[in-house]
Amino acid sequence: MISAPADALPLKTSEQIVIARQAVRRRAVELGFSLVDQTKIVTAASELGRNAMQHGGGGHVTIEVVSDGFRKGLRLVFEDTGPGIADIALAMKDGYSTGGGLGLGLSGAKRLSSEFAITSEPNVGTRVVITRWK
Amino acid sequence: MERIPILKMGGYLLVSIQVDMHDRLAMQLQDDLTSKIAETCAQGVLIDISSLEMVDSFIGRMLANIAAMSRVLDAETVVVGMQPAVAITLVELGMSLAGVRTALNVERGMELLSASRDAAERQDDLGPR
């Protein structure tokens, strides 16, 4: 969680979130995602990017194309070096927010993804991995 | 500084969001629109989002805030032109935009605004009961 991979996109400003979600859109289009699937993964990326920026003190995202042998998908890995999340179950609840937002970021991003995994360590950071299969 | 233009037409304010908005730009639009409603005594606000390819919880909240603030300032807001893929995603995200009036396109949105203005004027003619 310390150093960012070479192809990671930074998430430190609100402009960088826009750049990251446009990069996600391009990859989703290249993979032949339907318009609804493109919109879902781009929206999930926007929510998780904002979380990394606001709560994680800025982080980064890596975009990978993955395959399980039958189908292709897009995997996004969000990492930040922020304070971490003490109670993940609570943070995943709809409407729970520590930042004055609507509290839909994590729970909403999970609903918009095919697979969702979150790990967090206090004072080290948070890592969220989402995958959307075509 | 980067800003989304607000056009005044008669008693209405018109906004067409044509860029992929970052959060500060969305907040700026919310502030600008609220001051403009008070400044121009606008009766209606029409926001066209047909060019938006994504509405996340931040933009959704901005639209809900604009609708609520304009109501307090005696103006009606209508959001028009949401793309179907955006609507599907927004609901799955957990936002239903309760309290925000919507219309399929600009034309229907304008009809909605003028209908509610006519209704308000009729109410005024009747006077206090």
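Line by line, the protein sequences give chains E and S.
Numbering follows the numbering used here, with no gaps: position 127 of the first sequence is 145.
Numbering follows the numbering used here, with no gaps: position 38 of the second sequence is 303.
Quick reminder that beta carbons are idealized off the backbone N, C-alpha and C, glycines included.
All values reported here derive from a predicted model rather than from experimental measurement.
Could you tell me whether the Cβ of residue i comes closer than 8 Å to any Cβ of chain E?
| i | result |
| --- | --- |
| D339/S | no |
| S315/S | no |
| M319/S | yes |
Could you name the residues of the same chain whose beta carbon sits closer than 6 Å to that of residue i, not counting the 5 residues immediately before and after it, in chain order?
| i | result |
| --- | --- |
| P180/E | Because chain E here runs from 19 to 152, residue 180/E falls outside it and cannot be looked at. |
| S115/E | G121 |
| I312/S | V280 and V344 |
| V146/E | L66, F96 and I136 |
| V351/S | V320 |
For residue i, return the contacting residues in chain S, with the cut-off set at a CB-CB distance below 9 Å.
| i | result |
| --- | --- |
| K58/E | A350, I353, T354, E357 and L358 |
| V147/E | Here the premise fails: no neighbours, minimum Cβ distance about 19 Å. |
Please tell me whether residue i has its Cβ less than 8 Å away from any Cβ of chain S.
| i | result |
| --- | --- |
| D98/E | no |
| L122/E | yes |
| R150/E | no |
| D112/E | yes |
| R129/E | yes |
| R89/E | no |
| I103/E | no |
| I35/E | yes |
What did DSSP end up calling residue i once you bin it into helix, strand or coil?
| i | result |
| --- | --- |
| D390/S | helix |
| S132/E | coil |
| M375/S | helix |
| S268/S | It should be pointed out that residue 268/S corresponds to Arg in this sequence rather than to Ser. Reduced to three states, the DSSP call for R268/S is coil. |
| K4/E | Residue 4/E cannot be examined here, being either before or after the span of chain E that is shown, 19 to 152. |
| R145/E | strand |
| A363/S | coil |
| D339/S | coil |
| M274/S | strand |
| T80/E | strand |
| L55/E | Note on identity: in this sequence residue 55/E is Asp, with Leu being the wrong assignment. Residue state, collapsed to three classes: helix. |
| E318/S | coil |
| F88/E | coil |
| D98/E | strand |
| P349/S | helix |
| G74/E | coil |
| D288/S | helix |
| I37/E | helix |
| L120/E | coil |
| A104/E | coil |
| G67/E | helix |
Tell me which residues share the same chain as residue i and place their Cβ nearer than 7 Å to its Cβ, disregarding the 5 neighbours each side in the sequence.
| i | result |
| --- | --- |
| Q56/E | R43, A46 and V47 |
| A329/S | L362, G364 and V365 |
Find the residues of chain S that neighbour residue i, judging by a C-beta separation of less than 8 Å, and give them in chain order.
| i | result |
| --- | --- |
| L92/E | The premise fails here: L92/E is roughly 15 Å from chain S at the closest Cβ pair, so nothing lies under 8 Å. |
| S132/E | Neighbours of S132/E on chain S: none; closest Cβ ~13 Å, over 8 Å. |
Can you list the residues of chain E that residue i reaches, using a CB-CB cut of under 9 Å?
| i | result |
| --- | --- |
| M322/S | The question names Met, yet the displayed sequence has Ser at residue 322/S. Within chain E, the residues near S322/S are T61, S64, E65, R68, G119, L120, G121, L122, G123 and G126. |
How would you list, in chain order, the residues of chain S whose beta-carbon sits under 7 Å from the beta-carbon of residue i?
| i | result |
| --- | --- |
| S32/E | H287, D288 and R289 |
| L53/E | A350 |
Under 8 Å Cβ-Cβ, which residues of chain E neighbour residue i?
| i | result |
| --- | --- |
| R326/S | G119 and L120 |
Is there a C-beta anywhere in chain B that falls below 8 Å from the one on residue i?
| i | result |
| --- | --- |
| R45/E | No chain B is present in this structure, whose protein chains are E and S. |
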